[in-house]
Structures are given as structure tokens and as C-alpha cells.
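Going line by line, the protein sequences match chains L and S. This note's numbering puts the first residue of the first sequence at 116, with every later residue one more than the last. This note's numbering puts the first residue of the second sequence at 116, with every later residue one more than the last.
2 protein chains.
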Amino acid sequence: MPVTIGDVARKAGVGRGTVSRVLNNRPNVDPDTRARVQAVIDELDFVPSTTARRLSLGRSQTVAVVVPFLTRPSVVERLRGIESGLVAAGLDMIAMNVESAARRDAILHDIARPERIDGLLLVSIAPHEEELARIQGTGLPVVLVDAHHRRVPRVVTDDVGGGRLAASHLLALGHRRIGFVGDVPKPGFGFASSRLRFRGVEQALRAEGLAIRGEHLGLAEHSRPNARASAEAILEQTGRPTAIVAASDTEALGVLEAAAALGLAVPDDLSVIGYDDVEAADFVGLTTIHQPLAETGERAVARLVSLIAGREDGPLREVLPVMLVVRRTTGPAPAPDPSP
Amino acid sequence: MPVTIGDVARKAGVGRGTVSRVLNNRPNVDPDTRARVQAVIDELDFVPSTTARRLSLGRSQTVAVVVPFLTRPSVVERLRGIESGLVAAGLDMIAMNVESAARRDAILHDIARPERIDGLLLVSIAPHEEELARIQGTGLPVVLVDAHHRRVPRVVTDDVGGGRLAASHLLALGHRRIGFVGDVPKPGFGFASSRLRFRGVEQALRAEGLAIRGEHLGLAEHSRPNARASAEAILEQTGRPTAIVAASDTEALGVLEAAAALGLAVPDDLSVIGYDDVEAADFVGLTTIHQPLAETGERAVARLVSLIAGREDGPLREVLPVMLVVRRTTGPAPAPDPSP
DNA sequence: CAAGGGTGTGGAACCGGTTCCACGCTTCCT
DNA sequence: AGGAAGCGTGGAACCGGTTCCACACCCTTG
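Okay, structure coming up:
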């Protein structure tokens, strides 16, 4: 029922090869012939079969996108950017959701079947050496989003800079005792952002001759309740910090819960700053660091498209800037203790 | 480089047809031959090319999923169910995000190219008559999720029942003056849930001889600020309701903002109940109605798979039950006015 | 004017599967 | 014993594109 290239060729009185040349804007076609063929294409509303095209080209016009925890808002936002980038590039997407280390390994193991996909996008997942070796051994182009690995092109946001930005904001408000609530890397995944953001905070403090005290640092598996527990442990001490930087908004919400539970007013007694700028951050008025999440996805697609086309352009590591969003959970540091 | 069916046939000393029969578990193959071919397949680690398979079968093994507002948590959750269902069925997914009426129309217009997809899943989108006519004219199977249309198989949650459940909960707590904050259907989309949930609330009230007063009803385009405005208008009146049902958690958050702004304590002065059970609902302790969102996606995929296979099983409309989740925003009605 | 080179074109071969047909061989029936 | 029915099998044809080769034709150039 659907129109094929043969139908067009017959109706236009040319060979199938000529129609193909017209379709793909190849040279060596007489302008008159080209126009005539194009007219028939329009008249019959002919759309070439992607499947046939793929088979004969030996390419699948499809990229696989592996994302962990599709439920996290930040991941969704990245995916949105990826999707729109792929649509623009005329590529199809196979999305794979990864929620466990086992499935992560299974996918990374099987993915390297180049006859199924032309490219691979790993979001917040850093491949192991051996996995990477196998994937690159097949010649499959790979780009990482929000993950790090020397030797693999990647698009990340400036986590260290974001940490500095958060700390500088607090320093500017007069805070001197600053705590940090973050998460430990989940084994098998490449979540390095908490550590990097911490590093940024440290840098900013060190520039002022300050440091985070060990007892003002709380690390646990990423979750709101865990962050709440970490924050309570920090805030129950005497000499508690006047401000806390959280490695994510989710964790910042846990910190806010802890403050409420301990009867601390925010921001009068305690300033809190998060990271990600998820929707809930706006609702609770959380000061946070905003990242261009969708843009990381778009840039990553652009890089991948170049690689698929055999172009090897751009730097291996592309860093997108972040932005401070000031809302209502940060304020001037409370007056210091009377002691000098 | 990759192994083809011809390689297997040669090595096993059989014809390509026989290998194909083994691959697809077709009858009329001698058990010995089958075993021998299977051994070669395993040895060579042969995986048939999906592209070639698609071309020769004339099917794409792909379904398109059209979702509006990929940013909404409930949509993401549905998509998660769809994704896992499709993986299980061995189908690929092309996801299309729709954020405007224009793009919605464009997609629904172009989608009906059956050579690209075998099935269509519309999430929270009800097709117009003419769109539906064109799509069904091509014979493309369609299943709706969270949308309604007589004549199209669909999987929905029990919105009316959920509304009843919410209202019954409030009635059981002694509330008699109950308000409703919901949204107006967005033109071009099929968001009917607010209206259906309202209908459920009305039913429950009517069973007790009660009704929602006109001035206790607030409808506006779906957003937290709009819901807040609606709620403020309702709550500023004398004779304000003691409880408000919101058509979604997002809107319930707006109601909570309004209550806070007006100095009303929740749940002592005002009970609030939402709908959806998004993550933020847990955070703020919002009583709400939980829907099996991922499950709607899975069920819809199952239906679509049946339709693609030519089976026409199951009822046209499949309704999944919802569940009340009681948290901290609902409580006993305040003591009534001294007047009888 | 013959040789050489470029251009436009049709058609065969190919990509890697599925399906159908024809054929040889059994088995069963009458 | 002869024919029909059925199984197992190899191989051709096909799905709808792309690409390469061969050829006809025209234009240069020495």
C-alpha cells in the first residue's frame, strides 16, 4: 500500500537509482530530471522507508540513552534536552532506565551491538575501564552526560564552580561556620557531583582561610530522610554551623526538615542552600544552584552526532556554567557570639 | 563483520530458510537439525538483525508514545510503566513530548505513517474525531492512557471514585462545608481528570444530602499560583469551607500556600486533600489520593500488544483503582459555629 | 579525427532477514 | 501396488532502499 521508490521511478520514467540520487541531493542529476522526479515525489507524497534505508546503509539511525532513576526530576530534565536534540537530528532514541547496579551492568554489557545502535549516551553513569574498552572496541561512539572519564567526550555542568558559588553566597552574607550535607557515591553508578560540589565549597572557604569542620560534614546515601538525619546530627551540636550547603535540593529539603524539627528558624537561625533547582525548590523558597540541565542533553547529542558523522571536533570535556538562584532560605549570618 | 544468518546456515550445512525456522521456533524442523543449528547459533553468538527482520516482515517493532508535559512527575511515572512494559514485550519506543497545542496537532497529523510504527500510545491526550478517523483508517492500533474516548481502548484510573474517596474521608472527619479547587481543561489536550474528580466529590456529598456551594468552587488553568489565587478567593469569604479538595497535588500545594498566607492552621482550621501522591506530597505531609500510575502504563502496553497481534481482548475501558493516603493535612472538622 | 574525460542514467547486486514453492522421501490408505 | 498426504529441506523471490558498474553521449584536446 505505501508508495515505494519503484513507484516513483516508474511514474517519473526514470531508474530507481536516479530517484535515490534526487532524494539524497546527490550530484550528477540533470536539473530537469531532478525537478520532474521531485514533482512525482510530492504528488505521490512519497516518504522513504527508514527501515529499508537502515538495512542498506548498515546504520540504524538510532541512539541508545541509558539513564539512571528516571524518576528524578533532574534526570527527566536532561532527557528532555536529549529528546529534542535527537528529534532535530532525525535520530530515533531507545531509552533504557536503570535502577539497579545489576541492570546497569547487564545493559552496558549488551549494548555494544553496533548493528542496533549508532551511538550511545550515558547519563550520570561512568563506565568501568573494561566496559569502556569493549564498547570502544566496537567503534561505537559514546558521549557522557553528567559523568566523568578521561578519554571519553562528556558534557557536564560546573559542579565545582557551583559549590564555590554556593559557598561564596553564604560567605558574602557573613557566614563563617558552614556545614555540608551530601551523599556517598552509589556503587556502580557515576554520581560524582556531591564530591565535586563539596570540593568547590572547600575552595571558596579556603580562599577566606576557612574550612569545614569534620563534625559539620554529613554524608549518607542520597535520600531526603538520610539528609535529614545527617543534618540533625550536625545541628544538635554546640557550635553548630550557621549555614548548610546541601549537595542537592532533595537533600536540602531534608535539612529543612531537620531545622524545623529542632526549632531552628530559616534563614534567621540557619541558612540553607540546595543544588539543582527542582520544582519543589521554588515551592519552598529554597535558595539553590540552577543548572542548564536540558542544555547538557542538547549539547551531548550535538557531540554524538559529530562523532557518528566521523567528525572529531570540540574539546573532550565540555563544561556548562551554573547560576545562583536566591530565594528565602538564605540570609545574613546571625550575630556572632559575644566572645571576640 | 557481524554474523549473519547465511554464516550460520553455511556452518551448520543447512539452508537459510531452515535457520530462520529454528530462530522463530517454527514446526517442520527435524529435532536433530534444530539442535545442530542451535549449537552453531550459540557458538557464533548470532543475533538476528532487527532491521532486516523489520524490512522483511513489514513491521517496525516500534510503538510511538505521545506524552504531554514530560516535566510533570505523574507523566514521568506513567512513562516508566510504559517503558518497562515495552522492554518486556521486545518493542522499541519512540517517545514524543508535547508541550503545545500546535505540536500536539502536528504530531497527531503525521503519526499515522504505519510504516514507521506498529502502535500508538497516547498519554493524557484525547484525539479529536477527525484525527482518530485518520489514524484508525490506517489500521494503526491505538490505546489511550488517562484519556477518554468511546470507541478507543483505554486504561484510566478511577477518577470519579478517587473524588468520592477524598470527599468520604473528609465527611468521615465531620466536615460539612467542603470546597474544591481544580482546573479547566486545556484546549487541545484531553485533561478531563479535574472534572471527573469533582464529579466524584459531588456524588459523595449528595449521598449525604450536601453540595458544594458555588462560591466554594475555584477553577483556573492548572498551576500552583492559580490554585493559590482560587483558594484565597474561597477562604477569604465568611462561611468559608472547613476542608478543600484539590484536583491535584500541585494545586493542593497552592491551597496550602493560601492557607498560610491567610493565617489558617492546617489541619486545625482547614483540611486539605490533594490527588496524585507526587514526591512533594510526602515531603509536606499532604493527604492525597494515590494512583497506580506506572501500572496504567504497563496495562496499556499489554493492551496494545494484544491489538498489534490482532487479538481484540479485554474491555474497551479498563479502570484501575485508587487509594487514599492519609498524612497530616486532614483532620477532624473544627467545632461548628454556636448557631444550630 | 581519434583518444580521453566527464556527466547523466538505467539496472544489477546487495543489505539480512522471511516466506513460499518445489522436491525427495515416508507413511498411510484403499 | 499405486496414489495421496505430509514432513523436512534447500533455495529463490521478496521487502525497499543504496551503491556501483557499464554505457551512451557530449565536450575537449593534440
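Where is the CB? At the ideal position from N, CA and C, for every residue including glycine.
Just curious, the beta strand (DSSP E) that residue i is in, first and last residue?
{"i": "L/P183", "result": "T177 to P183"}
{"i": "S/T403", "result": "T403 to H405"}
{"i": "L/G289", "result": "Careful: L/G289 lies outside any beta strand (DSSP E) and carries neither H nor E."}
{"i": "S/I156", "result": "S/I156 -> not in any beta strand (DSSP E); alpha helix (DSSP H) instead, spanning P146 to L159."}
{"i": "S/A358", "result": "A358 to A361"}
Determine the extent of the alpha helix (DSSP H) in which residue i is found, giving its start and end residues.
{"i": "L/D397", "result": "E394 to V399"}
{"i": "L/L431", "result": "No alpha helix (DSSP H) contains L/L431, which DSSP labels as neither H nor E."}
{"i": "L/D207", "result": "Segment D207 to V213 is the beta strand (DSSP E) holding L/D207; no alpha helix (DSSP H) there."}
{"i": "L/L385", "result": "Per DSSP, L/L385 belongs to no alpha helix (DSSP H) and is neither H nor E."}
{"i": "L/G252", "result": "E244 to G252"}
{"i": "S/A307", "result": "Neither: S/A307 is in no alpha helix (DSSP H) and is coded neither H nor E."}
{"i": "S/V370", "result": "D364 to A376"}
{"i": "S/A204", "result": "P188 to A204"}
{"i": "L/I120", "result": "I120 to A127"}
{"i": "S/G130", "result": "No alpha helix (DSSP H) contains S/G130, which DSSP labels as neither H nor E."}
{"i": "S/S171", "result": "T165 to L172"}
{"i": "L/L223", "result": "A216 to D225"}
Please tell me whether residue i and residue j are closer than 8 Å, where the distance is taken between their beta carbons.
{"i": "L/A179", "j": "L/L235", "result": "yes"}
{"i": "S/R292", "j": "S/P356", "result": "yes"}
{"i": "L/E330", "j": "L/Q352", "result": "yes"}
{"i": "S/T402", "j": "S/T444", "result": "yes"}
{"i": "S/P447", "j": "S/L288", "result": "yes"}
{"i": "S/V437", "j": "S/I197", "result": "no"}
{"i": "S/T166", "j": "L/L170", "result": "yes"}
{"i": "S/A358", "j": "S/L385", "result": "yes"}
{"i": "S/R149", "j": "S/V137", "result": "yes"}
{"i": "L/V238", "j": "L/V182", "result": "yes"}
{"i": "L/A348", "j": "L/R312", "result": "no"}
{"i": "L/G425", "j": "L/G200", "result": "no"}
{"i": "S/L172", "j": "S/D122", "result": "no"}
{"i": "L/R314", "j": "L/G277", "result": "no"}
{"i": "L/L255", "j": "L/V267", "result": "no"}
{"i": "S/V91", "j": "S/A344", "result": "Any property of residue 91 of chain S remains undetermined from this structure, which presents chain S solely from 116 to 455."}
{"i": "S/R458", "j": "S/G429", "result": "Because residue 458 of chain S is not part of the residues shown, which for chain S are 116 to 455, the question remains open."}
{"i": "S/R265", "j": "S/I240", "result": "no"}
Where DSSP assigns a beta bridge to residue i, which residues make up the other side?
{"i": "S/L439", "result": "S/I404"}
{"i": "L/D298", "result": "L/A335"}
{"i": "S/G234", "result": "S/V178"}
{"i": "L/R269", "result": "L/L259 and L/R432"}
{"i": "L/D391", "result": "L/H405"}
{"i": "L/I293", "result": "L/A358"}
Drop a sphere of 10 angstroms on the beta-carbon of residue i, count the other beta-carbons inside from all chains shown, and report buried for 16 or more, exposed for fewer.
{"i": "L/G324", "result": "exposed"}
{"i": "L/G128", "result": "exposed"}
{"i": "L/S454", "result": "With a pLDDT of 48 at L/S454, under the threshold of 50, the modelled position of this residue cannot be trusted; read the value that follows with caution. Exposed: under 16 other Cβ atoms inside 10 Å."}
{"i": "L/D298", "result": "buried"}
{"i": "L/P382", "result": "buried"}
{"i": "S/D157", "result": "exposed"}
{"i": "L/E244", "result": "exposed"}
{"i": "L/D225", "result": "exposed"}
{"i": "S/G132", "result": "exposed"}
{"i": "L/N143", "result": "exposed"}
{"i": "S/P188", "result": "buried"}
{"i": "S/S175", "result": "buried"}
Point to revise | Contact set between the region 394-417 of chain L and chain S, restricted to residues whose Cβ is under 8 Å from the partner | key: E394, A395 and F398
**Study point:** Contact list for the region 192-211 of chain S against chain L, Cβ threshold 9 Å
**Key:** Cβ contacts with chain L come from E192, L194, R195, E198, S199, V202, D207, M208, I209, A210 and M211.
Check your understanding: the region 353-382 of chain S: which residues have C-beta closer than 7 Å to a C-beta of chain L, in chain order?
Key -> L368
Check your understanding: For the region 151-184 of chain S, which residues have a CB atom closer than 7 Å to at least one CB atom of chain L, in sequence order?
Key -> V162, S164, T165, T166, A167, R169, L170 and S175
Point to revise | Residues in the region 260-280 of chain L having any Cβ partner in chain S nearer than 7 Å | key: Listed in chain order, the positions of the region 260-280 of chain L with a beta carbon within less than 7 Å of a beta carbon of chain S would be empty, since no residue qualifies.
Review point. Using a Cβ cut-off of 9 Å, which residues of the region 298-314 of chain L contact any Cβ in chain S, in chain order?
Key: none
Check your understanding: What residues in the region 317-347 of chain S bring their beta carbon closer than 8 Å to a beta carbon of chain L?
Key -> R339
Practice item. Residues of the region 132-153 of chain L with a CB closer than 8 Å to any CB of chain S: list them in chain order, please. Key: Close to chain S, meaning a Cβ-Cβ distance shorter than 8 Å, is no residue of the region 132-153 of chain L at all.
Practice item. With 9 Å as the C-beta to C-beta threshold (strictly closer), list the residues of the region 427-445 of chain S near chain L in chain order. Key: Residues: none.
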